[in-house]
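Notes to accompany the following structure.
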Amino acid sequence: MELAAKYTPQDVETKWYDYWMKHHLFRSHPDGREPYTVVIPPPNVTGVLHMGHMLNETIQDILVRRARMEGKNACWVPGTDHASIATEAKVVARLAERGIKKTDLTREEFLKHAWEWTDEHGGIILQQLRRVGASCDWERTAFTMDEERSRSVIHVFVDLYKKGLIYRGVRMVNWDPKALTALSDEEVIYKEENSKLYYLRYYLSNDDQKEAPEGSVVHIDEKGRRYAVVATTRPETIMGDTAMCINPEDPKNQWLKGQKVIVPLVGREIPVIEDEYVDVAFGTGCLKVTPAHDVNDYMLGQKHKLASIDIFNDNGTLSEAAELYVGQDRLDVRRQIEKDLEAAGLMERVESYVNKVGFSERTNVPIEPKLSMQWFLKMQHFADLALPPVMNDEIKFYPTKYKNIYRHWLSNIKDWCISRQLWWGHRIPAYFLPNGDCVVAETIEEAVEEARKLSGDATIEAKDLKQDEDALDTWFSSWLWPISLFNGISDPNNEEFRYYYPTADLVTGPDIIFFWVARMIMAGYEYTGKMPFKHVYFTGIVRDKLGRKMSKSLGNSPDPLALIDSFGADGVRMGLMLAAPAGNDILYDDSLCEQGRNFCNKIWNCFRLIDSLEVSDGAQPQTARRALDWFGAQLRKSAAEIADLFTKYRLSEALMEIYRLITDEFSGWLLEMTKPAYGEPIDRRTINEVKAYFNDLLHLLHPFMPFITEELWQHLAERKSGESIMIDPQNIAQPQAEDAQILATFEQIKCIVQGVRAVRNAKNIAKKESLELEVIGENPVKSDNGIIEKMANISSITEVTEKNANASVFMVGTHTFAVILGNLIDIEAERSKAEAELAHLKQFLAGIEKKLGNEKFVANAPEAVVALERKKKSDAEAKIQSLQARLADLAKE
């Protein structure tokens, strides 16, 4: 194949991805090799590729491709998540566009529309991942609601229910008024809001006007009526108040003990209760208690046996139980009730207040604490299973800082609300008998049997049972993902599960450490007795160059596919990985992808140079032999460092070492040291070894940049159909005993060459001008003079005892080298240049001295400013002294 003059990603990427797919190179089956298994964090079935996916899938692909090249049986399983809330919202929105309401449909009719949506959109993101180069075993693609995954979910629910770990009850939950479903605590995002603190008047219902105890703070209006003041951020909930609470030790509110007060506007009489829960220092020390609409109030209500009044409908409007503002939205009521309280003389005052408000992660509306009948999973049992393996490093986190976050969450775990008031998802396998009793079973047939046993009625049939309307939380399927992908729930002894499980590495974002990572660990130990994965690599969040999280609303998130069109997949992959240390946020900028594209062009041109050289059967020059021996040592050292970095999951550092190895060592030094003189051929032994090293470099680079490395590897030699660099093992040897010495020698050689080049630049001497080099004393690299002469265009290197007057000197370690300048520089021009610079520096110094001579400046200016001026003075004096010495030398020439 003839290599194109210019690298064009569009011509290469589709060709090689199709080739890999055609030859089934991503496919994996159990065999005798060591397995390396990765399961994809399943993206939402409704999703499209964004920068977070791009980063995550690139990292997974790097790990999988490297494992393949190490000879492991790499199995990367793709799939998508049914995303109950997000998908149902999409379907509801599309139906609304057609003039159809969800409430107009039966469950079956709605699910038909949901499956249509899924079939239409479900494969988009997986197709897009192919553009990135993702080497998934696509034949294993799974979906959290496909037949096997669904069977696993239902089996686990029934099993946990029978174990007494799942229960149903009325509890305070986080309610999403837009999605009309309960949420778990982890699905609530707290944001700081500029709110208001409303101070409301609660008048005593039967004021006996007894003298208040000493220390009391009594509020009296203009009519002499006494009242308590309650501070709240949610005045719209007063219709649900069933008590006022004070701290029994609070001296300022002792006068309220045993009293009853009137709820403002509502007119309902409620008792004043006492509890140490009340913070004496917050507000007035008086707390309104609304058990149906606040978690802490709910606990107070349970403790003091208070009534509970639910004043909200599911959609966040006020219900009939509120009696006031019925049918109005809660946020509209807040604005209106402020006015009404003011008009009624029941508002003491209003203050600005910053507080944290919980928002639904999915719909971004404020959540509403709500008493609701839900299904819960007891979590303490699972926390006890999942905490030790992470703390003991049986499962290793990268970076390790996430261990503390993980421990904190598991040490403060709450029961998981696993039911959702949705139709799209796994329907809860609970069936209710006509008398209200409940049975849980995997199938309706088993439910009928259970119902007959429970009731003693052998005549019960399926039509007599009513299945629970709720669906399970999406994460209840995701937590089984590494197990259910290999049918480990349904058939735990099958060959694939025994071979591929536990998986090797999990790559995910730290934002789902609780949603997903912890729960997968729990499920793994509960159902297999083993960890689900050995290592967890936490990626950072992709941010723009200003540090802002990328989002559609900010318009700062580029389209990954557009980036691939512009820079090529390899360029984008490299751009992301250059700035992606584990666990730290990525400050993305298009210039990173441009650097990746430029690197592709660099590699391409390196190969074009190698491939274009005329080859002869002549003898190998000693300089080439030494250069190749040096690069071999450098390659072995770098490969060992890269392997070590991979074990520590420091992938960005590994890529930087490969980048340096190719750009600096191979291109900048080896090719220049081995390249024949213009028009001359290169000997066959040298070019073969150069190509062999280039092959090694392609292998090191392939996991990061798969497309260009495949293209160039295919050009390096004749390949059979089906051969690929991705399954061609790396054969780079381990560092050898003699490597350290040759590397140290070549560091000296490189420093000498760089010293000569620095003199050329400083003196403006053209590269084509040959120079003489003198070593004052013993030459430390005498046997390699030929390399220095070639790389620095030196005509001779001699050892001398004294410095030549007409020379420019530099040091390498303890050795002094002198470049003989001869007639190569214009002495008059050098003198004029030095004199002009000297005059400028003297003028600059005079200005600094004048400023420092000003006592007022020295006395009043900040210490750092004065110190800076003094440093400028000393620097200028040193430069002046150096220029004066240079002028003295020029006068002798």
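If you're matching positions, the sequence shown starts at 1 in the working numbering and goes up one per residue. Note that the Cβ used here is the ideal one computed from N, Cα and C, for glycine as well.
For A74, the enclosing beta strand (DSSP E) starts and ends at N73 to V77. Taking a contact as a CB-CB distance under 8 angstroms, the pair M244 and V272 counts as one, their CB atoms being some 5 angstroms apart. For Y525, the enclosing alpha helix (DSSP H) begins and ends at R519 to Y527. Annotation: G316 to L180 spans about 9 angstroms, alpha carbon to alpha carbon. Residue nearest to I513 within the set S783, L410 and K782 is L410 (criterion: CA-CA distance).
Within the same chain, no Cβ atom closer than 6 angstroms to the Cβ of W20 is found once the five residues on either side in sequence are excluded. Scanning its chain for C-beta atoms nearer than 8 angstroms, with the 5 sequence neighbours on each side dropped, one finds around I658 the residues S638, I642, L697, L700, L701 and F704, in chain order.
Contiguous alpha helix (DSSP H) elements confined to the stretch 394-425 occur at 402-411, taking only those with 4 or more residues. For R107, the closest of S352, V92 and G99 by C-alpha to C-alpha distance is V92.
When the beta-carbon positions are compared, E469 and V12 stay at least 7 angstroms from each other. Short of 7 angstroms from the beta carbon of E461, and not among the five residues preceding or following it, lie these beta carbons of its own chain, in chain order: V448. The residue from R168, F157, K257 and K196 with its alpha-carbon nearest to that of N206 is K257.
In the DSSP assignment, T37 forms a beta bridge with C75. Note: M673 is not bridge-paired with any residue in the DSSP secondary-structure output. Across the structure, L743 and D784 are spaced so that their CA atoms are roughly 13 angstroms apart. At least 7 angstroms separates the beta-carbon of A134 from that of G79.
Your pair I418 and W479 does not check out as a contact, with CB atoms roughly 10 angstroms apart and the cut at 8 angstroms.
Here DSSP, grouped into helix, strand and coil, assigns F432 to strand.
Residue nearest to E88 within the set Q336, K15, H426 and V77 is H426 (criterion: CA-CA distance). For the options K356, A321, L200 and G755, the alpha carbon positioned closest to that of V261 is the one of L200.
Between E855 and A818, the C-beta spacing is not below 7 angstroms. The three-state secondary structure of H702, taken from DSSP, is coil.
Under the three-state reduction of DSSP, Q128 is assigned to helix. A check of alpha carbon separations from K549 across K414, L587 and K356 identifies L587 as the nearest. In this structure, the straight-line span from the alpha carbon of L563 to that of F515 is close to 31 angstroms. Here Q622 is exposed, its C-beta having fewer than 16 other C-beta atoms within 10 Å. Relative to L651, the option among Y325, L63, M51 and V326 whose CA is nearest is L63.
Judged by DSSP secondary structure, T508 falls within the beta strand (DSSP E) whose first and last residues are T503 to T508. When the Cα atoms are used, L841 and A876 turn out to be separated by approximately 6 angstroms. Looking at the DSSP output, C438 shares a beta bridge with F432. Per the DSSP secondary-structure output, G358 pairs in a beta bridge with Y190. For the pair V759 and S808, the CB atoms are nearer than the 7 angstroms cut-off. Close CB contacts of S195 within its chain, under the 6 angstroms cut and outside five residues either way in sequence, are with T233, Y353 and N355 (chain order). In the displayed model, A627 falls within a helix according to three-state DSSP. When DSSP states are grouped into helix, strand and coil, Q467 belongs to the strand group.
Here M522 is near L385, since their CB atoms are less than 7 angstroms apart.
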